[in-house]
Structure formats: C-alpha cells, structure tokens
Amino acid sequence: MVDFLRAGLDVTVYCVDVYSFLVNYVHPMEVVAHRCEYYRLLVSAVLQSLGVQLSQVKFVSESSLAYSKDFVVDMQKLCALMTQQDARSTCDEVATTKMLSPMLCCIHQSLSEEYLAMDIQQRLHLMNPMVAGLDGLKMSSSKPPDTKIEFLDDPDTVWRKVHNASCPPQQIIENGVMELLKHVLIPVSEMRLEQKRGQTGLNTDEAKSGSQRPFVTDSAPDDAVFSVSRQRGMDPLHFASYMELERAYISGVVEPEPLKEAVASAFNGLIAPIRRIYQESKEWQEVDRAAYPEE
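The UniProt record's numbering applies: residue 1 is where the sequence shown begins, and numbers increase by one.
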C-alpha cells in the first residue's frame with residue numbers, strides 16, 4: 001500500500017464482511033461484523049507504524065454496498081446467467097461445498113469491483129508472494145500458532161517463535177527465517193532507508209509518523225538495510241540487500257543462531273508500535289473481545 005501511495009494511486013482497503021460470512025457460514029453475522037472492525041483497526045495500526053497517514057487511505061466495508069437495492073438486483077441478474085459449475089470452478093473452497101452461500105461469493109467479488117467505482121477498465125490483480133510459515137512450509141491460517149508471528153505477539157513470544165523456526169545452515173529452501181527477511185524485514189528496511197533519504201515519491205506526507213530507522217546497528221554504513229551481530233569482540237556484519245545476506249548465509253559466513261537473534265530483534269521492533277496502539281485503545285480491545293469471544 002505504501003508503494004501504491006508513492007506512485008500517486010488512490011488506495012481503498014475493502015473489508016469483505018458479507019463475503020466472509022457467506023464463505024464461512026459458521027460464525028454469526030454479528031461476530032463477523034466485529035471481526036471486520038477488528039481488522040480495520042489492525043490495518044490502520046499497521047499503516048501508521050509504516051508512516052502512512054490514515055487520511056490518505058479509504059476504508060470501505062462490503063456491507064455498505066451489498067445491501068443496496070441496485071447491488072441486490074445485479075446479483076439476481078448474475079445468478080440467472082450462471083450455472084452451478086461456473087460458481088464451483090472459481091476456487092477450491094467452493095468446488096466441493098454442500099452449502100449454497102459459498103457459491104454466491106464469486107458474484108459478490110465480481111460486483112464489488114463495479115460498485116467500488118474502480119477507475120480502470122481492465123481488471124488488474126496485483127499479488128504479493130505468499131510468505132512461508134516459520135516451519136519453512138506453505139503458510140495457512142489453520143496452521144499451528146507457532147508457525148506464524150501475529151501482529152500482537154508479545155516480545156517473548158516472538159523470540160520463542162523465531163528461535164524455534166526452521167533455519168537449516170547454509171540452505172534457503174524451507175527456511176522460514178530467510179523467508180521473513182526476504183519478504184518482510186528487508187523490504188521494510190529498504191523503505192525506511194528511502195524515507196530517511198526523503199525518497200517518498202508522490203506521497204509527500206509519508207514518514208511523518210512511525211520509525212524511519214532501518215534494521216541496522218549504529219556502526220552500519222549509510223547503505224545498509226540489515227545487520228547481524230556476531231560473537232563478542234567481532235564487528236557486526238552489514239548488508240545492503242537481501243541477495244548479499246543470502247549469499248553470506250549460503251557460504252556459511254552468517255550462521256543460524258546470530259541470524260535468528262537479529263530477526264527476532266527486528267521483528268519485535270517492527271510490531272512494537274502496533275502493540276502500543278492496541279494497548280492504548282480501549283475501543284480496539286473491546287472489539288477484540290467481541291470478535292473473538294472464544295479466545
């Protein structure tokens with residue numbers, strides 16, 4: 001989202017509360033509404049921690065569109081044009097369902113693109129890489145908690161998860177720690193270095209909040225984006241890109257344990273502002289209890 005704002009795009013965060021209720025159908029609609037609000041507050045905190053002014057981002061809930069007369073009429077028209085197989089072919093979740101509601105999700109998704117008034121004619125689907133879990137394998141929301149770092153994890157939990165993560169020496173395949181560096185920590189650090197240099201593109205208000213310090217030690221050169229401390233008496237290693245760090249790890253210059261120490265420290269620094277916003281927000285805490293009463 002920061003990159004989109006830098007490019008001068010208008011950014012809308014779309015909370016698909018109706019879609020979520022239809023595709024899941026286990027939780028009551030009221031609970032889904034609380035979860036939608038929970039994620040609005042979470043995404044807001046994440047954006048603030050990255051230096052984004054919330055006034056630059058528009059939040060829209062699907063329910064504000066999907067219950068209008070025009071949306072309902074258009075949905076009925078699409079239902080009359082589609083076969084059951086058309087709906088089942090859209091994704092694995094729908095392919096074998098015995099319930100009706102998941103089969104309506106593709107219609108809601110298609111109509112959402114129209115009712116959000118996107119100013120592009122050809123639909124462009126911009127996808128991020130799917131980051132592997134801490135076990136180095138495919139990430140899934142249903143996997144055990146220790147395979148992923150949550151935004152509100154406390155510092156000790158982050159340390160424990162990272163230190164138990166898959167990080168085979170001199171290998172990057174099924175290496176959960178290197179995945180975090182490649183797709184999360186190094187990109188954020190590069191962004192912070194650019195912010196520090198005033199390179200914010202068209203988003204001139206960027207970095208008025210949030211940390212601008214890359215994940216480096218005080219002795220790091222100006223172009224460094226990540227530092228790894230070594231044994232006492234040895235200078236830290238500094239890297240100007242992920243590829244430099246990857247080559248050093250494959251060659252054995254960087255070892256797993258010091259790397260885990262650096263990653264855990266960087267991740268705690270990254271999510272600390274988000275934890276602080278949560279701790280200071282009674283509204284968010286109340287929404288959390290309503291959204292996840294079983295926890």
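Don't be surprised by glycine CBs; every beta carbon is placed ideally from N, CA and C.
Check, Outcome
"With DSSP collapsed to three states, give me the class of Lys282.", "helix"
"Val287 and His27 look like a contact to me (Cβ under 8 Å); what is the Cβ gap, rounded to whole Å?", "About 15 Å; that fails the 8 Å criterion."
"At what residues does the beta strand (DSSP E) containing Tyr14 begin and finish?", "Val11 to Cys15"
"Work out the CA separation of Pro187 and Ala165 for me, nearest whole Å.", "20 Å"
"When the distance is taken between beta carbons, is Ala262 closer than 8 Å to Phe239?", "no"
"Please go through the same chain and pick out, in chain order, the residues whose beta-carbon is closer than 6 Å to the beta-carbon of Phe4, but skip the five residues on each side of it.", "Val11"
"Got a sec, what are the start and stop residues for the beta strand (DSSP E) Lys196 sits in?", "Run containing Lys196: none in the beta strand (DSSP E); it sits in the alpha helix (DSSP H), Ile186 to Lys196."
"Classify Lys182 as helix, strand or coil using the three-state DSSP reduction.", "helix"
"Unbroken beta strand (DSSP E) runs of length 3 or more, entirely within the segment 233-291: which are they?", "237-239"
"I need the straight-line Cα distance from Trp284 to Gly51, nearest angstrom please.", "20 Å"
"State buried or exposed for Glu179, treating a residue as buried only when at least 16 other CB atoms are found within 10 Å of its CB.", "buried"
"Determine, using beta carbons only, whether Cys167 and Pro236 come nearer to each other than 8 Å.", "no"
"Below 8 Å, how does it come out for the segment 39-55 and the segment 267-284: are there three or more Cβ pairs, yes or no?", "yes"
"Inspect the CB distances between the segment 241-253 and the segment 131-145 and report whether three or more fall short of 8 Å.", "no"
"Relative to the alpha-carbon of Gln170, which residue among Ala95, Pro221, Leu259 and Tyr38 has its alpha-carbon at the smallest distance?", "Leu259"
"With DSSP run on the structure shown, which of helix, strand or coil describes Ser227?", "strand"
"Taking buried to mean at least 16 other C-beta atoms within 10 Å of its own C-beta, is Asp218 buried or exposed?", "exposed"
"What's the call for Glu294, buried or exposed, on a 16-neighbour Cβ count within 10 Å?", "exposed"
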